[in-house]
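Colleague: Provided herewith is a single structure, encoded as structure tokens, for subsequent inquiry.
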Amino acid sequence: TMSQLLHEIAEHNLQNRKIALIENGSWAPTSGGLMRKLLEGLKGTEFIGDTLTLKSALTEGQLADLDVLADAIAESVLPPKAEPAVTAAEGSMDGVFEVENAAFNKFSYGCEVLTTRVDGRDYGCIINTAGQITSSDPKKITISCIKANHTCDMVGKAGVFNLSILSEDAPYDLFKLFGFQSGRDVDKFASWPDELRTKNGLRYIGQHVNAVLSARVIDARDCGTQMLYIAEVVEAHVLSDKPSCTYGYYHAHIKPKKAPAAPEAEGWVCKVCGYFHEGAELPADFVCPLCKHGPEDFEHYVPAVVDKKKGWICTVCGYFHEGEELPADFVCPICHHGADAFEPAEQ
Numbered sequence: 001t002m003s004q005l006l007h008e009i010a011e012h013n014l015q016n017r018k019i020a021l022i023e024n025g026s027w028a029p030t031s032g033g034l035m036r037k038l039l040e041g042l043k044g045t046e047f048i049g050d051t052l053t054l055k056s057a058l059t060e061g062q063l064a065d066l067d068v069l070a071d072a073i074a075e076s077v078l079p080p081k082a083e084p085a086v087t088a089a090e091g092s093m094d095g096v097f098e099v100e101n102a103a104f105n106k107f108s109y110g111c112e113v114l115t116t117r118v119d120g121r122d123y124g125c126i127i128n129t130a131g132q133i134t135s136s137d138p139k140k141i142t143i144s145c146i147k148a149n150h151t152c153d154m155v156g157k158a159g160v161f162n163l164s165i166l167s168e169d170a171p172y173d174l175f176k177l178f179g180f181q182s183g184r185d186v187d188k189f190a191s192w193p194d195e196l197r198t199k200n201g202l203r204y205i206g207q208h209v210n211a212v213l214s215a216r217v218i219d220a221r222d223c224g225t226q227m228l229y230i231a232e233v234v235e236a237h238v239l240s241d242k243p244s245c246t247y248g249y250y251h252a253h254i255k256p257k258k259a260p261a262a263p264e265a266e267g268w269v270c271k272v273c274g275y276f277h278e279g280a281e282l283p284a285d286f287v288c289p290l291c292k293h294g295p296e297d298f299e300h301y302v303p304a305v306v307d308k309k310k311g312w313i314c315t316v317c318g319y320f321h322e323g324e325e326l327p328a329d330f331v332c333p334i335c336h337h338g339a340d341a342f343e344p345a346e347q
């Protein structure tokens, strides 16, 4: 519940956070004050704007207030605008520039098993950010991996690694084996059916793979949540002519699909656009936030009684985190992806 979450935040003494408060429901007139009182004792806590009060449902007249709060939140997290760069090129750097997150989904990434060896033990994980940067000998490549992955640390210690480039016939179990558990806890190779090694002594995956590359690290850069390794290729072999498995192909054809579920809470469905408003009662002045039709275009929906938990699900590995809110700095304990890889879900 929200109460449990707030008390856990207070008990963990989270500090130096910026918080915006929205109070909603029949107890709205007091909830904002209670939340503020619970959190204001944390060191470095800064509240953004005034508490926004919503009763029953968001009305059209409150949209402007919500926009003001959203702008205040954005202003608090965005870095200061840089001064326009002075260049001799035609055109101008003046104006407001937008970075649309969806644009990055258009990159075409491959999927690889990154392997290395330290103190006689083999390590491996799934990555999707390897690429060639030079074609002259010795050829150079880059890889990046999440710093929370144990294999990432081991590559830094070993200074060498192998890349097994996965093909489109790679099964989901292979992704689970190397991507959804940590080498800190298990030996990922314990159940692997073969023990193939390149001349550098490192293991590689001989099944569902179309090529293997061995490389020596020549430079490393700390990029925040990721480590970037630049390496020279010392050995490379083609293993099959099957197409490489891209990250997009994995999501479209390999990762199991979740069947769409009907709403499982009592509410009201807009007959025009399908918008679902949760709640036993629909306010007489309710306006659909999507198509702007009124309550006369809604029909009552009463589902079967179910006991579901609200939370957030990782779109990469399927891990479910129970709770109304997902912390902005949350990291998946299975695949180590951040909060941007999660979406709301019920189980």
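Under full-length UniProt numbering, the sequence shown has 26 at position 26, and the numbering climbs by one with no breaks.
The C-beta atom is built at its ideal place from N, Cα and C for all residues, glycine as well.
All figures in this text were calculated on a predicted structure; none of them were measured in a lab.
Would I127 and C145 qualify as a contact pair, given that the criterion is a beta-carbon distance under 7 angstroms?
Modeller: Going by C-beta atoms, I127 is nearer than 7 angstroms to C145.
Colleague: Under the three-state reduction of DSSP, which class applies to Y247: helix, strand or coil?
Modeller: Y247: helix per DSSP, three-state reduction.
Colleague: Rank E23, L52, F161 and V272 by C-alpha distance to the C-alpha of T116 and give the top, closest one.
Modeller: The option with the nearest alpha carbon to T116 is F161.
Colleague: Taking only the alpha-carbon atoms, compute the straight-line gap between I165 and V331 and give it to the nearest angstrom.
Modeller: Roughly 26 angstroms separates the two Cα atoms.
Colleague: Are V316 and I205 close, meaning C-beta to C-beta below 7 angstroms?
Modeller: Result no, Cβ atoms of V316 and I205 do not sit closer than 7 angstroms.
Colleague: Is the distance from the Cβ of residue 374 to the Cβ of L202 below 7 angstroms?
Modeller: This structure gives no information on residue 374, because the portion of the chain shown stretches from 1 to 347.
Colleague: Given this structure, state the Cα-to-Cα distance separating E46 from T129, to the nearest angstrom.
Modeller: Computed Cα separation, rounded: 37 angstroms.
Colleague: In chain order, what are the residue ranges of uninterrupted beta strand (DSSP E) at least 3 long that sit wholly in the region 8 to 75?
Modeller: The qualifying runs are 22 to 24 and 52 to 54.
Colleague: Nearest-angstrom Cα distance between A345 and K18?
Modeller: About 25 angstroms.
Colleague: Determine the contact status of P295 and L282, defining contact as a CB-CB distance below 7 angstroms.
Modeller: Yes, these two residues count as a Cβ contact at 7 angstroms.
Colleague: Compute the distance between the beta-carbons of L213 and L163, then report whether it is under 7 angstroms.
Modeller: It is a contact, given that the beta carbons lie within the stated cut-off.
Colleague: Contact check, N200 vs K242 under 8 angstroms by CB: the rounded distance?
Modeller: Not confirmed; about 25 angstroms, so no contact.
Colleague: If you reduce the DSSP assignment to three classes, tell me which class A220 lands in.
Modeller: The answer is strand: DSSP assigns A220 an E or B state.
Colleague: State the Cα-Cα distance for the pair D153 and T198, rounded to the nearest angstrom.
Modeller: Rounded to whole angstroms, D153 to T198 spans 21 angstroms at the Cα level.
Colleague: Give the range of the beta strand (DSSP E) segment to which K140 is assigned.
Modeller: Per DSSP, K140 belongs to the beta strand (DSSP E) from K140 to I146.
Colleague: Mind checking whether S108 and T225 have CB atoms under 7 angstroms apart?
Modeller: Their beta carbons are not under 7 angstroms apart, which means S108 does not touch T225 by this criterion.
Colleague: Looking only at its own chain, which residues have a Cβ that is under 6 angstroms from the Cβ of I73, when we skip the five neighbours before and after it?
Modeller: Result list for I73: A20 and I48, in chain order.
Colleague: Among K292, V238 and F298, which residue has its Cα nearest to the Cα of G267?
Modeller: The shortest Cα separation from G267 among K292, V238 and F298 belongs to F298.
Colleague: Taking 7 angstroms as the threshold (C-beta atoms), are Y275 and G183 in contact?
Modeller: Their beta carbons are not under 7 angstroms apart, which means G183 does not touch Y275 by this criterion.
Colleague: Within its chain, find whatever has a CB closer than 7 angstroms to the CB of V269; leave out the 5 residues flanking it on each side and keep chain order.
Modeller: Excluding positions up to five away in sequence, the list reads F276, F298, E299 and Y301.
Colleague: Cβ atoms of L38 and L6: under 7 angstroms apart, would you say?
Modeller: Yes.
Colleague: Helix, strand or coil for Y109, going by three-state DSSP, please let me know.
Modeller: Looking at Y109 - three-state DSSP - the assignment turns out to be coil, as it is neither helix nor strand.
Colleague: Rounded to the nearest angstrom, how far is the Cβ of L63 from that of I22, given a contact under 8 angstroms?
Modeller: Rounded, the Cβ-Cβ distance is 13 angstroms, inconsistent with contact.
Colleague: In angstroms with no decimal places, state the Cα-to-Cα distance between V238 and C223.
Modeller: Near 31 angstroms, if we compare the C-alpha coordinates of C223 and V238.
Colleague: In its own chain, which residues sit with a C-beta less than 7 angstroms from the C-beta of P256, not counting the 5 before and 5 after it?
Modeller: Here the set comprises Y172.
Colleague: With 16 other CB atoms within 10 Å as the buried threshold, where does A170 fall?
Modeller: Looking at its Cβ environment, which holds 16 or more other Cβ atoms inside 10 Å, A170 is buried.
Colleague: Are the Cβ atoms of V217 and K157 separated by less than 7 angstroms?
Modeller: Contact flag unset, no.
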